[in-house]
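**Student:** This structure is in structure tokens; I'll ask about it shortly.
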């Protein structure tokens with residue numbers, strides 16, 4: 058495989074993963090205890106962006122989408138990205154593809170912090 062082919066294959070993988078992440082985030086906007094059809098979620102997002110008239114969407118749907126589901130989905134994506142970066146940095150630091158947080162005591166330090174927060 059030539060260098061150009063390998064680079065373009067990596068680009069396609071990155072694009073596919075980015076689209077999968079975007080799809081998962083958009084799907085999480087509609088999933089929850091209160092079932093909202095995807096079109097109602099799109100309308101609720103459209104109200105804030107100025108694409109849809111606010112009278113077409115209930116205030117309940119707006120509150121659920123903008124105050125609960127969008128922050129939850131974005132926070133989940135950010136936490137996942139942070140964990141991935143932490144894992145990649147540990148693997149790069151030790152040069153071991155099987156490196157985990159237990160090697161340097163990250164797990165034990167987190168447990169100590171949790172116990173300290175509970176006790177204090």
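Residue numbers (our numbering): 58 to 177. Every residue, glycine too, gets a C-beta built ideally from N, C-alpha and C. Predicted model only: the values in this text are computed from it and were never measured.
(1) Taking 8 Å as the threshold, find out whether the segment 117-129 comes into contact with the segment 87-103 through three or more Cβ pairs.
(2) What three-state label does DSSP hand residue 118 in the structure shown?
(3) So what does DSSP say about residue 69, is it helix, strand or coil?
(4) Using alpha carbons as the reference points, say which of 139, 141, 122 lies closest to residue 90.
(5) Do residue 93 and residue 84 have their C-beta atoms within less than 8 Å of each other?
(6) Is residue 103 helix, strand or coil by DSSP?
(7) Is it buried or exposed for residue 114, if we count other Cβ within 10 angstroms and need 16 for buried?
(8) Decide if the segment 151-167 is in contact with the segment 128-142; the criterion is three or more beta carbon pairs, one per stretch, under 8 Å apart.
**Tutor:** Based on what the coordinates show:
(1) yes
(2) Residue mapping note: residue 118 aligns to position 61 of the chain shown, counting from 1. The answer is helix: DSSP assigns residue 118 an H, G or I state.
(3) Along the chain shown, one-based indexing puts residue 69 at 12. Here residue 69 sits in helix by DSSP.
(4) In the chain shown, the residue the question calls residue 90 occupies position 33. Looking at the Cα atoms, 122 is the closest of the given residues.
(5) The sequence position of residue 93 within the chain shown is 36, counting from 1. The sequence position of residue 84 within the chain shown is 27, counting from 1. No.
(6) Residue mapping note: residue 103 aligns to position 46 of the chain shown, counting from 1. It is helical.
(7) Stepping through the chain shown from its first residue, residue 114 is reached at position 57. Counting Cβ neighbours within 10 Å, residue 114 comes out buried, since at least 16 surround it.
(8) no
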